[in-house]
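Quick notes on the structure that follows.
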Amino acid sequence: MSLFPNALVLLGKELRTEFRSRELLTTTVVFILIVMFMFSITFQPTSDESRQIGPGLLWLAFLFAASLMLQHCFLREQHNDTLSALRLSVSDPFAILLAKLAANTLFLLLTELFLLPIFALMYNVSVVRVVHWLALAFFLGSLGISIVGTALSAISAQARMRELLLPVLMLPLLTPILIVSTEVTKALFDRAPYVRWQGIGFLAVFDVVFLTALWLFGEYLLEE
Amino acid sequence: MTPPAFSPVALRFENIDKRYGGLLALRGVSLTVAPGECAVFAGRNGSGKTTLLRIAARLVRPSRGSLSFSNSSCDDEKSPVRPGFVAHATMVYDELTAEENLLLFARLQTVSRPERRVEALLEEVGLSDRRASLVGTFSRGMRQRVAIARALLHEPAVLLLDEPATGLDPPGVAWLAEAIRRLRDSGRTILMSLHGESEISSLGTRAIRLDAGSVVADTRTGATFRSVLTFADA
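So the protein lines, in turn, are chains D and E.
Anchor point for the first sequence: position 127 equals 1177 in my numbering, and the numbering is continuous, going up by one each time.
Anchor point for the second sequence: position 201 equals 1327 in my numbering, and the numbering is continuous, going up by one each time.
In structure tokens, the structure reads:
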């Protein structure tokens, strides 16, 4: 069973290359900041309005940022045909997808972690009391985005209109995640915050189902 | 080169077809490459050389036919044969150093004592003093040395070289020819695709010409050997 050791080695590579260049994280953070700032000056919401529209805006921004981030996920491997080298080296190709998935989830969570306090300040929303529940919602939502996004990134990297193809395929598939994550976050931003367990359950099931599908069919996504 | 830690391996392609959409890249290719043989594939662009080598590397699945290594079928996931593959793309990361690249692939291939193996290989390809430099800062020749070191990490019995001299200057080609000579003499089975006759093609013990996805000439003898290679370049 070399799946997890291989995935860990590859995750280390993903983190090393990203933290060395910081290209992806910097671009994504700047992009989300611009989106949040533009929404803020366009609508100038009150505190109550922020509680209503803020979660949707936040998750839309995360989704757009993820589509930006995921574009590079497999394109990087095409530059020197390193994907072939990885396929030749690992005994289970799912290790490649697992490492990419873990790295994408981690990068997305880091971006969210950085932006949450800025959002709270900009939109005058208190998040301190519910930060642990937010962390759970962000984790499950981000994992779902990364699972679907990583699979579609592997597909679109081999296509001609790859820059357009990824968001076109990804956004409709992730609509359930967007809706449910928004509802869960909205409940947590309420003046009397509460946990929408149905939503949390849906996110967990979505993640398990799509992760299983990726495990079963992922090998075919990497084939030429 | 270090003493070989492998048994010689033969490759057998049986009636291989490869179709990409409407394009038939390989048509009924059947041939056997004997253990320790150095087969040179020649042919025009699009003749199927790269596809055949990628099938041998198990990077591409044939649409029809089968590939086997000695007595083990390539379809057998437990098959111990894992060829080393060098292409004209370097297949290493520009953002990592030479040492980091080799350590990464050594660990993925579960090479025992990876640090030692990487150190030995860096020494062999003459990059010990540049081990900590990013591959992105290397010349084409140096990148190709890293690529060869990567392909040799697990001491493969079969080596696949897809136009390995592309973009190399004359000293680079001379170094590559010497490296391939040593690998051939160590008993490895080598399959390489080349464009025409060169210092490297003269290392071959067999010349195979492909045209439109089919084998049209196959020889081991001196006089026809040269014509097979040069005709392909015409």
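Beta carbons are placed, not taken as given, at the ideal position from N, Cα and C, and that holds for glycine.
Tell me the DSSP secondary structure of residue i in three-state form.
| i | result |
| --- | --- |
| Ala1338 (chain E) | coil |
| Ile1229 (chain D) | helix |
| Thr1223 (chain E) | strand |
| Thr1347 (chain E) | coil |
| Glu1140 (chain E) | strand |
| Phe1132 (chain E) | coil |
| Ser1328 (chain E) | helix |
| Cys1200 (chain E) | Note that Cys1200 (chain E) scores 48 on pLDDT, short of 50, meaning its location in the model is unreliable; the coordinates nonetheless yield the value given after this. If DSSP states are grouped into helix, strand and coil, Cys1200 (chain E) belongs with coil. |
| Val1237 (chain E) | coil |
| Phe1264 (chain E) | coil |
| Ala1151 (chain E) | strand |
| Arg1243 (chain E) | helix |
| Trp1265 (chain D) | helix |
| Ser1353 (chain E) | helix |
| Arg1257 (chain E) | coil |
| Val1159 (chain E) | strand |
| Ser1071 (chain D) | helix |
| Val1218 (chain E) | coil |
| Val1166 (chain E) | strand |
| Ala1183 (chain E) | coil |
| Gly1251 (chain D) | helix |
| Glu1249 (chain E) | helix |
| Glu1273 (chain D) | coil |
| Asn1171 (chain E) | coil |
Given a threshold of 16 other Cβ atoms within 10 Å of its Cβ, counted over all protein chains shown, does residue i qualify as buried or as exposed?
| i | result |
| --- | --- |
| Ser1097 (chain D) | exposed |
| Gly1139 (chain E) | The question names Gly, but residue 1139 (chain E) is Phe in the sequence shown. Result: buried. |
| Asp1288 (chain E) | buried |
| Ala1182 (chain E) | buried |
| Gln1270 (chain E) | buried |
| Glu1273 (chain D) | exposed |
| Phe1252 (chain D) | buried |
| Phe1169 (chain D) | buried |
| Ala1258 (chain E) | exposed |
| Gln1248 (chain D) | exposed |
| Gly1104 (chain D) | buried |
| Ala1233 (chain E) | According to the sequence displayed, residue 1233 (chain E) carries Arg and not Ala. Buried, by the Cβ-count rule. |
| Tyr1270 (chain D) | exposed |
| Phe1112 (chain D) | buried |
| Pro1282 (chain E) | buried |
| Gly1147 (chain E) | exposed |
| Ser1199 (chain E) | The predicted model places Ser1199 (chain E) with a pLDDT of 46, which falls under 50 and marks its position as unreliable; any figure quoted below should be read in that light. Exposed is the call here. |
| Thr1156 (chain E) | Residue identity check: residue 1156 (chain E) is Ser in the sequence provided, not Thr. By the 10 Å Cβ count, Ser1156 (chain E) comes out exposed. |
| Arg1241 (chain D) | exposed |
On the DSSP bridge assignment, give the partners of residue i in chain order.
| i | result |
| --- | --- |
| Gly1210 (chain E) | E:Leu1285 |
| Ser1192 (chain E) | E:Glu1140 |
| Asn1145 (chain E) | The sequence shown places Arg at residue 1145 (chain E), rather than the Asn named in the question. The partner list for Arg1145 (chain E) (beta bridge, DSSP) reads E:Leu1150. |
| Ala1057 (chain D) | Answer is none; Ala1057 (chain D) lacks a bridge partner. |
| Ala1333 (chain E) | E:Val1166, E:Thr1345 |
- How do the segment 1234 to 1251 of chain E and the segment 1166 to 1179 of chain E stand: do at least 3 beta-carbon pairs fall below 8 Å, yes or no? no
- Curious, which full-length alpha helix (DSSP H) runs of at least 4 residues does the segment 1078 to 1141 of chain D contain? 1097 to 1128, 1132 to 1139
- Task: Entirely within the segment 1281 to 1323 of chain E and at least 4 residues each: give me those alpha helix (DSSP H) ranges in chain order.
- Result: 1296 to 1311
- Item | beta strand (DSSP E) runs wholly inside the segment 1174 to 1249 of chain D, at least 3 long, in chain order | none
- Query: Quick check: the segment 1259 to 1272 of chain D against the segment 1181 to 1198 of chain D, are there 3 or more CB pairs under 8 Å?
  - Reply: yes
- Give a yes or no on contact between the segment 1106 to 1114 of chain D and the segment 1124 to 1142 of chain D, applying the rule of three or more CB pairs nearer than 8 Å. no
- Three or more C-beta pairs closer than 8 Å, one from the segment 1146 to 1155 of chain D and one from the segment 1199 to 1209 of chain D: is that the case here? yes
- Message: Between the segment 1215 to 1228 of chain D and the segment 1116 to 1127 of chain D, can you find at least three pairs of beta-carbon atoms closer than 8 Å?
- Response: yes
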